[in-house]
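Student: One structure is given below, represented as C-alpha cells, and several questions about it will come after.
There are 2 protein chains.
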Amino acid sequence: MTRDRTAVELIAIGDELLSGATIDTNAAYIALELEAIGLRVTRKSTVADAEDAIADALRSALERTGTVITTGGLGPTRDDVTRSAVARVFGRPLEFRQELWEALQRRWARRGPIPETNRVQAEVPAGGTVFPNPRGTAPGIAVADAKLGLCILLPGPPDELRALVREAVVPYLAERADASVRRPFRRYLRTAGIAESAIAQRVGSALDDLPVDVAFLPEIDGNDLRLTAWGSDESEVAGALDRAVERLREILGAHIYVEGTAELAEVVGAMLRERGLKLAVAESCTAGLIAKRLTDPPGASDYFWGGFVVYDDRAKIELLGVDEATLQLHGAVSEPVVRQMAEGARSRSGAEAAVAVTGIAGPAGGSAEKPVGTVWLAVAVGDEVAARGVHIPGARDAVRARAAQGALDLLRRVLLRGEGSRGVEGMINDH
Amino acid sequence: MTRDRTAVELIAIGDELLSGATIDTNAAYIALELEAIGLRVTRKSTVADAEDAIADALRSALERTGTVITTGGLGPTRDDVTRSAVARVFGRPLEFRQELWEALQRRWARRGPIPETNRVQAEVPAGGTVFPNPRGTAPGIAVADAKLGLCILLPGPPDELRALVREAVVPYLAERADASVRRPFRRYLRTAGIAESAIAQRVGSALDDLPVDVAFLPEIDGNDLRLTAWGSDESEVAGALDRAVERLREILGAHIYVEGTAELAEVVGAMLRERGLKLAVAESCTAGLIAKRLTDPPGASDYFWGGFVVYDDRAKIELLGVDEATLQLHGAVSEPVVRQMAEGARSRSGAEAAVAVTGIAGPAGGSAEKPVGTVWLAVAVGDEVAARGVHIPGARDAVRARAAQGALDLLRRVLLRGEGSRGVEGMINDH
Chain V
1 MTRDRTAVEL IAIGDELLSG ATIDTNAAYI ALELEAIGLR VTRKSTVADA EDAIADALRS
61 ALERTGTVIT TGGLGPTRDD VTRSAVARVF GRPLEFRQEL WEALQRRWAR RGPIPETNRV
121 QAEVPAGGTV FPNPRGTAPG IAVADAKLGL CILLPGPPDE LRALVREAVV PYLAERADAS
181 VRRPFRRYLR TAGIAESAIA QRVGSALDDL PVDVAFLPEI DGNDLRLTAW GSDESEVAGA
241 LDRAVERLRE ILGAHIYVEG TAELAEVVGA MLRERGLKLA VAESCTAGLI AKRLTDPPGA
301 SDYFWGGFVV YDDRAKIELL GVDEATLQLH GAVSEPVVRQ MAEGARSRSG AEAAVAVTGI
361 AGPAGGSAEK PVGTVWLAVA VGDEVAARGV HIPGARDAVR ARAAQGALDL LRRVLLRGEG
421 SRGVEGMIND H
Chain Y
1 MTRDRTAVEL IAIGDELLSG ATIDTNAAYI ALELEAIGLR VTRKSTVADA EDAIADALRS
61 ALERTGTVIT TGGLGPTRDD VTRSAVARVF GRPLEFRQEL WEALQRRWAR RGPIPETNRV
121 QAEVPAGGTV FPNPRGTAPG IAVADAKLGL CILLPGPPDE LRALVREAVV PYLAERADAS
181 VRRPFRRYLR TAGIAESAIA QRVGSALDDL PVDVAFLPEI DGNDLRLTAW GSDESEVAGA
241 LDRAVERLRE ILGAHIYVEG TAELAEVVGA MLRERGLKLA VAESCTAGLI AKRLTDPPGA
301 SDYFWGGFVV YDDRAKIELL GVDEATLQLH GAVSEPVVRQ MAEGARSRSG AEAAVAVTGI
361 AGPAGGSAEK PVGTVWLAVA VGDEVAARGV HIPGARDAVR ARAAQGALDL LRRVLLRGEG
421 SRGVEGMIND H
C-alpha cells in the first residue's frame, strides 16, 4: 500500500463531544497548524470514552492513513482510557515512568499528597516518546511502529493541547516530513460596501496568470478575500502574492479597508488617531453598537469621545436638537433627520467628527415605503455632512450589525477623501 | 446482531470541516435535540467531499449502528456528492423529482433562469422521503432499508439544518422510537451576582432526596443551573422538578433572575415595561454595550429611552453635568462620579430610571489603588440612587461584559424592591 505521506487522521475522544455539551475546537486548531507544515487532515472520528470504540477507530485510521492524532481521554479517572486503548492496538504494555510520576507529585505539592489513582498519568505505552505538558497533568505521547504507523496522544483541554501542538507536535512532525513538501502561504484583504458577486465580477480573470488561489469569505459585515500560494518556501511565492494584492488593490480600490485581519473599527480608530480627530456617535437603531465596537480595542480614548443613544424620538430632539417638524414630516428614518443627528452630535460634543445612524431593525416598524432594513447613515466632519441610505437584508441582529459596519465604512471613506466629504456619496454607492 | 435502538451516528461532510476553516456546530445541536427524544449520538465521522470516503464511512456506521444522519454535501456543485454516495451504499438509483425541481425554479424566479447544473438538487435516492426545506435549496432526505438501516441526509448551513432537525427529523425519529424509552426533562434557572462556589455551598445536599441532577453551567455573565430528571413521560418527573425549583428558589432567592433561558436584558426590559418606566443609560467603560443589550429584543422602545456614552471625561461633564471638582478629587472611577452619572442621565433624559457604569476595562489605566477591573455601578429611580463597587477579573472584553451584566442586575434588584432602593447595597453584596 502506498500511503499519502501528507495525510493525518484525528480521533477526538470524549462523551461530552458526542452529547453536544462541548463543541470540539481542537480539530480546527490542529488542522491549521498542520497545514502550515504541508500536512492535511483527511478524516476525523469522534468516539466515546470507551476502550473498544477508541481501539476500533484507531485501527481503521492507522490502516487508512498511518498517522493519527488523538485528543482527550488522558485524565486520571476510570473514564480516561486512551492510553490503554493505544497500548492494545500497538501490542505494547503500559510502562510506568518514574520521572513523570515525580513531575506529577511536584505539581500536586501545594495541594497535598497526590492520590494513587493519578499514577495512571505516569504510564506510557512502552517505547513511547513523551512531550512534557507544563500547563497540565497529562503529557503528550508519541507511539511509532514501522508497520502500524504513528499515533500521537494529546490531552483535551484546549490551552494545553494548543501549546503542545505548537511547541512539540509540529516540530516533531516537521522533522519527519519530506523537506520538499509544499505549504500554503496566505494574504488576506478585507472589504466593505461591495457585494460578493460584484467583487467576483470585477476580479474576473485578472489573477488567472498567477499561481495564487482566491477564496471569497463572506462575513456578516462584509466580504474578505483570502489569497493562497503554495511553495516549499515563502520566498518562492512572495512575488506572486505581492502582485495579486497589488492587482486587487487596483481593481477594488477603496472597497478594501485593510490588508490583514484587523477589524474595521480598529482601522477607523487608527485613521482618527493619525489625524488627531475625536469622534462622537449618534445611534438610534444600533443603540450603542457602534460605540461598543469603537471601544473594543484598548486605547480607544485617543480617538473616541462618546456620544448619544437616541432610541426614542424625544431623545433625538432633546439630546441632538433634531427639529420636531422635520421628524414629523420625514419620519425618524430619513436623510434630513440623520443629517441633523450627525450635526447635532458633532456640535453638542465639540468633537471634530461624528457618525449617525437611524433605521428600522425590525421585526416590527416597517412599512411599504420604508421596509425593515431601511437605514440612513451620516458622517459630519467639520461643517460638512455626508449621508447615505441603504437597504439591509436580514433579521434584527444582522440589520444592526451591518448598519454599524456601514456607518464605520462611511466614516472611513470620508476620512480617506480628506477632511471634507465631497464626492463621497457617488463613490460609496458603487455596487 | 442486536442493535442498540437508541444509538445514532453522525457523518459530517465537507473539506472545510477538515481544513479547520469551519467549526462544526451542527453535531452538538443534533445531539441535544436527539437526547430530548431518548436517542444518543454514539459516534461521529468527519469526511472530505469525496464519494468514496462518504460511502466508506456510511457503510461502517450502518453496520455498527443502523441509524445515521449525514450533514453537508447537498449543494449543486461537483463537490456535493452525498446524494450519490448514499444512493451507491443503498444500491438505489438517483430519482429525479419533478416537484422538487419546480420548487427550485420558484426559489430562483426572482434571480432569473435556474442553471441546469442545479437539477442534481431535485434528485433523491429512489424511494427516499423528502423533508422540505423552506430556508434553502437542498431538502432533507430519509432513505430506509429493512436490512441496511436508516440514513437521513441534511444540508450543512446551520440555520437550515436546525429548522429541519426541529421540524422534521425529530418528529420522524420520535415516531419510529420505542415509546417506553426514558428521556431527560429539564428546567433551567439563571443567576447573577453570586459565585459558582457560593451556589454549590448553599445548595449543599438540599436536593439529594430528589431524583433530579443539578449541573452548574458557568457563563461569562453569571451561573446557570440545569436540572434534569429522567422518565418516559413528563408527568412522571414534573413533580420532582417542581420541588427542586421551589427549593432552589428558597435557597438562592433574588440571585435567580429567571426560570428558563431568557437573557437578563429581556427580564429587566419586561420589568420596566410592566412598571411603565422608561430607562436611560450612562456608560463609560461599557460604551454602549448596555444600551445594545437592552435593545437586542424587539419592542425595546416600550422601555428604552436612550442615553449617553461618556467615554471621555469631558463627555461626563458636558452631557451629564458631572462636577469637574468631584472628578478631579475622586477620579472618574468612583462612587461619587457614578452617582452623579446616574442622576444626570435620569434628570437630563426625563426618563423615570437610569443606570450608570464607570470602570477600568484595561489593559492599561489601572493603578495600585484602582486596578484593572475596578467598576462602579449605579441605578437611579425617582430621587433615589443605589451604587455598588465591584472588582471584575478577566481581560478587557470580560470586564466590559460583566460590568454590563452587573449594571442590569443592580437595576433588576432595585426594581424588585419597589420604586426605592433602600437595602439594595446590602443585599447584592451577598457573595
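Chains as they are written, first to last, in full-length UniProt numbering: chain V, 1 to 431; chain Y, 1 to 431.
Glycine residues also receive a C-beta, built at the ideal position from the N, C-alpha and C atoms.
Quick caveat: nothing in here was measured; it's all calculated off a predicted structure.
Counting only C-beta atoms, is Lys44(V) closer than 9 Å to chain Y at any point?
Tutor: Against the first sequence, residue 44(V) aligns to sequence position 44. So yes, Lys44(V) belongs to the interface.
Student: Roughly how many whole angstroms lie between the Cα atoms of Gln237(Y) and Arg226(Y)?
Tutor: Taking the first residue of the second sequence as position 1, residue 237(Y) is located at position 237. Taking the first residue of the second sequence as position 1, residue 226(Y) is located at position 226. A small fix is needed here, since residue 237(Y) is Val in this sequence, not Gln. Each residue's Cα considered, the two are about 15 Å apart.
Student: Considering only residues of the same chain and omitting the five flanking positions on each side of Asp430(V), which have a CB-CB separation below 6 Å?
Tutor: For the purposes of this step, residue 430(V) is taken as residue 430 along the first sequence, with counting starting at 1. The predicted position of Asp430(V) is uncertain, since its pLDDT is 32 and thus under 50; no value can be drawn from it.
Student: Would you kindly work out how many angstroms separate the C-alpha atoms of Glu160(V) and Gly350(V), rounded to a whole number?
Tutor: For the purposes of this step, residue 160(V) is identified with residue 160 of the first sequence, where counting begins at 1. For the purposes of this step, residue 350(V) is identified with residue 350 of the first sequence, where counting begins at 1. For Glu160(V) and Gly350(V), the distance between alpha carbons rounds to 50 Å.
Student: Who are the neighbours of Arg396(Y) on chain V, taking C-beta pairs under 7 Å?
Tutor: Walking along the second sequence from the start, residue 396(Y) turns up at place 396. Within 7 Å Cβ-Cβ: Pro298.
Student: Output yes or no for whether 9 Å exceeds the beta carbon distance between Phe131(V) and Ala177(V).
Tutor: Mapped onto the first sequence, residue 131(V) falls at position 131. Mapped onto the first sequence, residue 177(V) falls at position 177. Their beta carbons are not under 9 Å apart, which means Phe131(V) does not touch Ala177(V) by this criterion.
Student: Can you say whether Pro125(Y) is buried or exposed, counting buried as having 16 or more other CB atoms within 10 angstroms of its CB?
Tutor: Along the second sequence, one-based indexing puts residue 125(Y) at 125. Buried, since its Cβ has 16 or more Cβ neighbours within 10 Å.
Student: Residues of chain Y with a CB under 9 Å from the CB of Arg35(V): which are they?
Tutor: For the purposes of this step, residue 35(V) is identified with residue 35 of the first sequence, where counting begins at 1. According to the sequence provided, residue 35(V) is Glu. The question's Arg does not apply to it. Neighbours of Glu35(V) on chain Y, chain order: Ser19, Gly20.
Student: DSSP on Arg135(V), reduced to helix/strand/coil?
Tutor: One-based indexing of the first sequence puts residue 135(V) at position 135. DSSP places Arg135(V) in coil when its eight states are reduced to three.
Student: Rounded to a whole number of angstroms, what is the C-alpha to C-alpha distance between Gly149(V) and Ala61(V)?
Tutor: In the first sequence, residue 149(V) corresponds to position 149, counting from 1. In the first sequence, residue 61(V) corresponds to position 61, counting from 1. Cα to Cα, Gly149(V) sits roughly 10 Å from Ala61(V).
Student: Quick one: residues in its chain with C-beta nearer than 6 Å to the C-beta of Arg92(V), no 5 flanking neighbours on either side, listed in chain order?
Tutor: As a position in the first sequence, residue 92(V) is number 92, starting the count at 1. So the qualifying residues of the chain are Pro125, Ala126.
Student: According to DSSP, is Ala351(V) helix, strand or coil?
Tutor: Against the first sequence, residue 351(V) aligns to sequence position 351. Reduced to three states, the DSSP call for Ala351(V) is coil.
Student: In chain Y, which residues lie with their C-beta within 8 Å of the C-beta of Trp305(V)?
Tutor: Counting from one through the first sequence, the residue named residue 305(V) turns up at place 305. Those are Tyr311, Asp312, Arg314, Ala315, listed as they occur along chain Y.
Student: Hey, quick one: how far does the alpha helix (DSSP H) through Tyr172(Y) stretch, first residue to last?
Tutor: Start at 1 with the first residue of the second sequence, and residue 172(Y) comes out as number 172. Start and end: 170-176.
Student: How many whole angstroms separate the CB atoms of Val120(Y) and Arg59(Y), which I take to be in contact at a CB cut-off of 8 Å?
Tutor: Along the second sequence, one-based indexing puts residue 120(Y) at 120. Along the second sequence, one-based indexing puts residue 59(Y) at 59. That pair is no contact at about 22 Å.
Student: Answer with yes or no whether the minimum CB distance from Pro157(Y) to chain V is below 9 Å.
Tutor: Position 157 of the second sequence, counted from the start, is the residue given in the question as residue 157(Y). No, Pro157(Y) does not count as interfacial toward chain V.
Student: Expressed to the nearest angstrom, what Euclidean distance is found between the alpha-carbon atoms of Thr6(Y) and Arg413(Y)?
Tutor: Indexing the second sequence from 1 puts residue 6(Y) at position 6. Indexing the second sequence from 1 puts residue 413(Y) at position 413. Straight-line Cα distance between these residues: approximately 45 Å.
Student: Does the separation of the CB atoms of Leu210(Y) and Arg187(Y) fall below 9 Å?
Tutor: Taking the first residue of the second sequence as 1, we reach residue 210(Y) at position 210. Taking the first residue of the second sequence as 1, we reach residue 187(Y) at position 187. No, Cβ-Cβ distance for Leu210(Y) and Arg187(Y) is not below 9 Å.
Student: Buried or exposed, going by whether 16 or more other CB atoms sit within 10 Å of the CB of Thr46(Y)?
Tutor: Along the second sequence, one-based indexing puts residue 46(Y) at 46. Buried: at least 16 other Cβ atoms inside 10 Å.
Student: Tell me where the alpha helix (DSSP H) around Val333(Y) begins and ends.
Tutor: As a first step, residue 333(Y) must be located in the second sequence, where it is residue number 333. First-last for Val333(Y): undefined, no H or E at that position.
Student: So Leu164(V) and Asn133(V) are supposed to be a Cβ contact under 8 Å. How far apart are they, rounded?
Tutor: Within the first sequence, numbered from 1, the residue matching residue 164(V) stands at position 164. Within the first sequence, numbered from 1, the residue matching residue 133(V) stands at position 133. The Cβ separation is near 6 Å, so the contact holds.
Student: Do Val8(Y) and Leu34(Y) have their C-beta atoms within less than 9 Å of each other?
Tutor: The residue labelled residue 8(Y) in the question sits at position 8 within the second sequence. The residue labelled residue 34(Y) in the question sits at position 34 within the second sequence. Yes, Cβ-Cβ distance for Val8(Y) and Leu34(Y) is below 9 Å.
Student: Tell me which residues of the region 321-341 of chain Y have at least one Cβ-Cβ distance to chain V shorter than 8 Å, keeping chain order.
Tutor: Result list empty, no residue passes.
Student: Taking the alpha carbon of Ser367(Y) as the point to measure from, which residue in Val333(Y), Asn26(Y), Val322(Y) has its own alpha carbon closest?
Tutor: By one-based count along the second sequence, residue 367(Y) stands at place 367. When only C-alpha atoms are compared, the closest one is Val333(Y).
Student: Where do the ends of the beta strand (DSSP E) carrying Tyr29(Y) lie?
Tutor: The sequence position of residue 29(Y) within the second sequence is 29, counting from 1. Premise fails: Tyr29(Y) lies in the alpha helix (DSSP H), 26-35, not in any beta strand (DSSP E).
Student: Quick one: residues in its chain with C-beta nearer than 8 Å to the C-beta of Leu217(V), no 5 flanking neighbours on either side, listed in chain order?
Tutor: As a first step, residue 217(V) must be located in the first sequence, where it is residue number 217. If we look at Leu217(V) and ignore the five residues flanking it on each side, its Cβ neighbours are Asn223, Asp224, Leu225, Arg226.
Student: State the Cα-Cα distance for the pair Thr191(Y) and Gly204(Y), rounded to the nearest angstrom.
Tutor: Residue mapping note: residue 191(Y) aligns to position 191 of the second sequence, counting from 1. Residue mapping note: residue 204(Y) aligns to position 204 of the second sequence, counting from 1. Distance between the alpha carbons of Thr191(Y) and Gly204(Y) is about 17 Å.
Student: CB Asp79(Y) to CB Asp15(Y), shorter than 9 Å?
Tutor: Within the second sequence, numbered from 1, the residue matching residue 79(Y) stands at position 79. Within the second sequence, numbered from 1, the residue matching residue 15(Y) stands at position 15. Yes, they are a contact pair.
Student: Start and end of the beta strand (DSSP E) containing Ile69(V)?
Tutor: In the first sequence, the residue the question calls residue 69(V) occupies position 69. Segment 67-71, the beta strand (DSSP E) holding Ile69(V).
Student: Could you tell me which uninterrupted beta strand (DSSP E) segments, each at least 3 residues in length, are contained entirely in the region 151-229 of chain Y, listed from first to last along the chain?
Tutor: Within the region 151-229 of chain Y, the complete beta strand (DSSP E) runs of at least 3 residues are 183-191, 213-219.
Student: Report the neighbours of Ser197(V) on chain Y: residues whose CB is nearer than 7 Å to its CB, in chain order.
Tutor: Taking the first sequence and counting its residues from 1, one reaches residue 197(V) at position 197. Neighbours of Ser197(V) on chain Y: none; closest Cβ ~11 Å, over 7 Å.
Student: On the DSSP letters alone, give me the boundaries of the alpha helix (DSSP H) that Thr82(V) sits inside.
Tutor: As a position in the first sequence, residue 82(V) is number 82, starting the count at 1. That run of the alpha helix (DSSP H) goes 82-89.
Student: To be precise: take each residue of the region 361-394 of chain V, compare its Cβ to all Cβ atoms of chain Y, and keep it if any distance is under 9 Å. Which residues remain?
Tutor: Those would be Ala361, Gly362, Pro363, Ala364, Gly365, in chain order.
Student: Tell me where the alpha helix (DSSP H) around Asp233(Y) begins and ends.
Tutor: To locate residue 233(Y), count along the second sequence from 1; it is residue 233. Careful: Asp233(Y) lies outside any alpha helix (DSSP H) and carries neither H nor E.
Student: Between the alpha carbons of Thr22(V) and Arg135(V), how many angstroms are there, rounded?
Tutor: On the first sequence, position 22 is the one that residue 22(V) refers to. On the first sequence, position 135 is the one that residue 135(V) refers to. Their backbone Cα atoms lie some 21 Å apart in a straight line.
Student: Report, in whole angstroms, the separation of the C-beta atoms of Ile13(Y) and Gly72(Y), which I expect to be a contact under 8 Å.
Tutor: Here the question's residue 13(Y) lines up with position 13 in the second sequence. Here the question's residue 72(Y) lines up with position 72 in the second sequence. Right, their Cβ atoms sit about 4 Å apart.
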